[in-house]
Amino acid sequence: MSNNKAVGGGGFNKACEVAAHLKDVAPYLAAKATASTQHINTVRTALQTLAIMMITRPDKRTDEYKFLHAHVTQELTNAQQTINSNVAKSINLAAKAALAAGRIDETTSVFWQVNLNPGSSGKYFIAQSNGGGSAATSSHLPNCIESGNKIKQTIQEAAPAEAPRPIATLKQITSAYAPGAPSSANSLCGLTQADSTHGGYARPANAGPIKWAGGLISITNAALTNSPFVDYTTTAQAGTPLAAVYADLDNNVTAYDGVTENFEKLAKIGGATKPGIPDIKTSAQKLQIGDATTEITLSTATIDCVSEEIRLYNTETPATLANERKKLFINQLLKIDSAEKQAFALSEQTKISGISQQETVCNKIKDAEKCNTTKQCSFQESGEHNKKCNFNATEETENGISGTPTGDDRSSSGEREEAKQAGEDRKTDCSKLTGKLAKRTMTANGMVILAKIPVF
């Protein structure tokens, strides 16, 4: 190093603080992504319960329940899109941050080793302070050194209590960083190689400054008179690991904050604590359940009330809830099965060159048994003289599921009446809360716009 000057420890301690922030990026982003996913799962479960309430209790099919379901469903979709778009960015960002932190650690480690091995001449590179004449100890570098005089290099698995802010710390380092200025009281740095004037890392023949610590330290081809730390108040040196994260690090670190904050409230729906979600004011068009002229408002009190109903439904009717969840699952399987059968029938139909050809094939068959065993053919027996084999395009699906199962498929009117009575007996009735849930606007021709939301 130029003129063998030792550098004050304050600059290195600040650089290690930057490295610590960079190491926190990976666990912080991982924790945010995990928390967001957990919240989404919690909200999805509450939505399922709300849907089952609407299926099993006709009195719970009013607008407030439907609108809340539509709104939260949309929030889920938006959150998942945000998370999916940030996953790849987060991995890339965490890798860049770890690389930059490693470069800072490595540089600090090299110079720290000189302090630990002064030899008979007492050589050292990191001084206690600017202008100081003594070697720094671990107590002067709390951000850099852990027990046993080892460099702090570990990336913690646990998320930090606060969001990492490496850029804010970087901006505290300037070329005139006083705690990092060289010590004029000594010339005891042991990294000068053979050149006692300018040092082996700052020879005039070098193409340019020698960069250390991922670009945080820069040694020119002149004698060291100021701090070697680079001014990072506005930008980073191009082509360095720190430059790769400087421009957008803070924005990416906070990428999940909006999702997490929003879902910390939504995840309380159906829980013991009132969600306390501010009034929701939106339009049916945004919820994809109507047009822009239908304004929808859900008050905080209404949301809290529905949330309490979901909680009570979970705790008071666990058997019913479990049974209805099974039904929903079975219904989904049946829908998939029905769709697969229809797709198969369509694919079989496309294999023939034309319907007219298949009609000809069917019409030529005289034997009833052979007709009925031929694809898309069925034997008609409407009369003695009208017996013939006809083409039937829907034959493949007629033996399958005749229709999509409905949500409320109780086997008897007694069960339906029991469910209705159970709903009427409940003390909580969110539909009676004051305040309009939907503003129905008159159109030019006098028709009222109503948001139509299907029951599951």
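Quick note, in this note's numbering, the sequence shown goes up one by one and the last residue is 899.
Ideal Cβ placement from N, Cα and C applies to all residues, glycine included.
The structure presented is a predicted model; accordingly, all values stated were derived computationally and were not measured.
Inset, instruction - Pull up the DSSP beta-bridge partners for G682, would you. - result: G682 pairs with nothing; no bridge assigned.
Legend entry - Strand pairing of P625, partner residues [DSSP]: Per DSSP, V450.
Inset, instruction - Evaluate T520 with the Cβ neighbour count: other Cβ atoms within 10 Å of its Cβ, from every protein chain shown; 16 or more gives buried, anything less gives exposed. - result: exposed
Inset, instruction - Would you list, in sequence order, the uninterrupted beta strand (DSSP E) runs of no fewer than 3 residues that lie entirely inside the segment 688-719? - result: none
Inset, instruction - Please confirm if the segment 464-473 is in contact with the segment 523-542, defined as three or more CB-CB distances below 8 Å between the two stretches. - result: yes
Inset, instruction - Over the uninterrupted alpha helix (DSSP H) stretch that includes F834, give me the two end residues. - result: Counting along the chain, F834 falls outside any alpha helix (DSSP H), though it belongs to the beta strand (DSSP E) covering 831-834.
Inset, instruction - Note down the Cα distance separating E824 from E802, rounded to an integer number of angstroms. - result: 17 Å
Legend entry - Of the listed residues I498, K566, Y567, T551, nearest to L764 (C-alpha basis): The shortest C-alpha separation from L764 is found at I498.
Inset, instruction - In angstroms with no decimal places, state the Cα-to-Cα distance between L741 and P684. - result: If you take the alpha carbons of L741 and P684, they lie about 49 Å apart.
Legend entry - Whole-Å CB distance - P470 paired with A602, under 8 Å assumed: The Cβ separation is near 5 Å, so the contact holds.
Legend entry - A686 versus P721, A544, K809, residue with shortest Cα-Cα distance: Nearest to A686 by alpha-carbon distance, out of P721, A544, K809, is A544.
Inset, instruction - Could you work out which residue in N535, K448, T485, V515 is closest to D691 when comparing CA atoms only? - result: Ranking the options by Cα distance to D691, first place goes to N535.
Inset, instruction - Would you list the one or two residues that DSSP bridges to S661? - result: For S661, the pairing in a beta bridge is given by DSSP as K654.
Inset, instruction - Classify K818 as helix, strand or coil using the three-state DSSP reduction. - result: coil
Inset, instruction - With DSSP collapsed to three states, give me the class of N456. - result: helix
Inset, instruction - Look at the Cβ atom of V702, then the Cβ atom of L511, and state whether they are nearer than 7 Å. - result: no
Inset, instruction - Return yes when at least one heavy atom of the ligand MN lies under 6 Å from the C-beta of S572, else no. - result: Absence of the ligand MN from the depicted structure is noted, as is the absence of any ligand whatsoever, leaving it without description.
Inset, instruction - Give me the Cα-Cα distance between F822 and K807, rounded to the nearest whole angstrom. - result: 11 Å
Inset, instruction - Select from P625, V468, T677 the residue whose C-alpha is nearest the C-alpha of Y699. - result: V468
Inset, instruction - Examine the Cβ distances between the segment 453-460 and the segment 476-483 and report whether three or more of them are shorter than 8 Å. - result: The segment 453-460 is not in contact with the segment 476-483.
Legend entry - For V688 and A449, the rounded distance between their alpha carbons: Approximately 29 Å, taken between the alpha carbons.
Inset, instruction - Look at A624 and N573 and say whether their C-beta atoms are less than 7 Å apart. - result: yes
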